[in-house]
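Residues in the sequence shown are numbered consecutively from 3, following the working numbering.
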Amino acid sequence: MSSSPDLNPAPYFGGTDAQDGAFDQPFQPDRNSPTPLPGLDDDDDDDDDHSHGGAADTRHIRHPLDDEDDEQKPLDVVTSAWINERFAPELLPFAKQAVHDLIELMNYQEEELFDSHQDMSQVIKAMEVERIKFVLRRYLSTRMAKLQKFALYYGHPSNERPSLDILSPAEYRFVNEYADMVRTSMHDTVIKNLPPDFRTFDQEQDPDDVQLPETVVGPPMDAAVFVRVDREVGDHLLPEDDEAITMAEGGKFLVRYVGVRRLVKEGKVSMI
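Structure (structure tokens):
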């Protein structure tokens, strides 16, 4: 189990109801005071469906227990993203679509709980909602821990474009605000008391220089990781190795992360 602190994922979807603890408490249906889910506004079409007593249209939502051979289910996608996130030294691209699908599914399941009679199916649906909340909470808190650890790296101006590509909008705002607070704290407590020649911290010497300063520590790309091959890779040449290794489907390897970084992002190998 990840040691990262629990988070309410409301900020990741633009919600402002973090204090409601929608992801932290066991679900208890209350028709008079439904539990809001963060960051998803009700559409007018959905409101019309509900006003007539009909169920929401969920044809576009893939149920996590459905048997789909041709496409991964969103719960499986987020679970895999969480495991990869736990063991990869760097922050991986945010699983935006799968997370959105899971929250939509959770909305639907909670509406079903409000409308269902008290029977075994309601208990199963409540358990499924709790399972989805657990996976989302773990995934988002793992990402948050990395953002806090490497805030100066991901929040540095030279990393603006890469950060925009892998972070959600809320994550991007958070890491920049957090990095500003770290820089301000370091300046007020330490740097201003140093001799003038040493009063540089996270600052570029040349405005045209886009390289990270030495004081900014990034993820350890050379870290050793265990990976499993999910899709046939074939012969793969690792950095600084003279001979390629054959990565057949199902194979497990201990390698430096930098050598399989591209394969992880392409979904050909997964972290274990």
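The C-beta atom is built at its ideal place from N, Cα and C for all residues, glycine as well.
Inter-residue spacing [alpha-carbon to alpha-carbon] between residue i and residue j
{"i": "Ile105", "j": "Leu93", "result": "22 Å"}
{"i": "Arg233", "j": "Phe176", "result": "35 Å"}
{"i": "Val235", "j": "Lys270", "result": "7 Å"}
{"i": "Ser272", "j": "Thr81", "result": "11 Å"}
{"i": "Leu251", "j": "Lys267", "result": "Here residue 251 is Glu; the residue named in the question, Leu, does not match the sequence. Computed Cα separation, rounded: 16 Å."}
{"i": "Gln111", "j": "Thr186", "result": "45 Å"}
{"i": "Phe89", "j": "Val227", "result": "7 Å"}
{"i": "Gly17", "j": "Ser170", "result": "In this prediction, Gly17 scores a pLDDT of 40, lower than 50, which makes its location untrustworthy; the coordinate-derived value is nonetheless stated afterwards. If you take the alpha carbons of Gly17 and Ser170, they lie about 13 Å apart."}
{"i": "Phe200", "j": "Ile134", "result": "49 Å"}
{"i": "Asn86", "j": "Asp182", "result": "28 Å"}
{"i": "Leu77", "j": "Asp103", "result": "9 Å"}
{"i": "Leu240", "j": "Arg258", "result": "8 Å"}
{"i": "Ala147", "j": "Gly157", "result": "14 Å"}
{"i": "Gly253", "j": "Gln99", "result": "29 Å"}
{"i": "His189", "j": "Pro159", "result": "18 Å"}
{"i": "Gln30", "j": "Phe152", "result": "Any reading at Gln30 is ruled out, since the residue's pLDDT is 47, under 50, leaving its predicted position unreliable."}
{"i": "Glu242", "j": "Glu162", "result": "29 Å"}
{"i": "Ser123", "j": "Gln74", "result": "24 Å"}
{"i": "Asn109", "j": "Pro198", "result": "56 Å"}
{"i": "Arg264", "j": "Ile247", "result": "15 Å"}
{"i": "Asp117", "j": "Tyr180", "result": "42 Å"}
{"i": "Asn195", "j": "Val184", "result": "16 Å"}
{"i": "Met129", "j": "Asn178", "result": "37 Å"}
{"i": "Gln120", "j": "Thr191", "result": "59 Å"}
{"i": "Pro164", "j": "Leu107", "result": "30 Å"}
Cβ distance (whole Å) where residue i is taken to contact residue j below 8 Å
{"i": "Glu173", "j": "Arg145", "result": "7 Å"}
{"i": "Pro95", "j": "Ile168", "result": "5 Å"}
{"i": "Leu138", "j": "Val101", "result": "7 Å"}
{"i": "Val218", "j": "Leu154", "result": "5 Å"}
{"i": "Val229", "j": "Ile274", "result": "7 Å"}
{"i": "Met249", "j": "Pro91", "result": "That pair is no contact at about 20 Å."}
{"i": "Leu115", "j": "Lys127", "result": "6 Å"}
{"i": "Val125", "j": "Ala97", "result": "In fact, because the Cβ distance is near 29 Å, the residues do not count as touching under 8 Å."}
Given residue i as reference, the closest of the options once Cα atoms are compared
{"i": "Glu245", "options": "Asp237, Thr191, Val219", "result": "Asp237"}
{"i": "Gly261", "options": "Glu251, Glu114, Trp84, Ala225", "result": "Ala225"}
{"i": "Glu113", "options": "Val131, Lys98, Gln99, Asp243", "result": "Val131"}
{"i": "Trp84", "options": "Gln120, Val125, Phe136", "result": "Phe136"}
{"i": "Phe255", "options": "Arg263, Tyr180, Val231", "result": "Val231"}
| message | As an exercise, report each continuous alpha helix (DSSP H) stretch of at least 4 residues that is fully enclosed by the region 118-157, in chain order. | response | 122-151, 153-156
| query | What are the complete beta strand (DSSP E) segments, minimum 3 residues, inside the region 213-244? | reply | 226-231, 236-238
| query | In chain order, which alpha helix (DSSP H) runs of at least 4 residues are fully inside the region 80-124? | reply | 98-117
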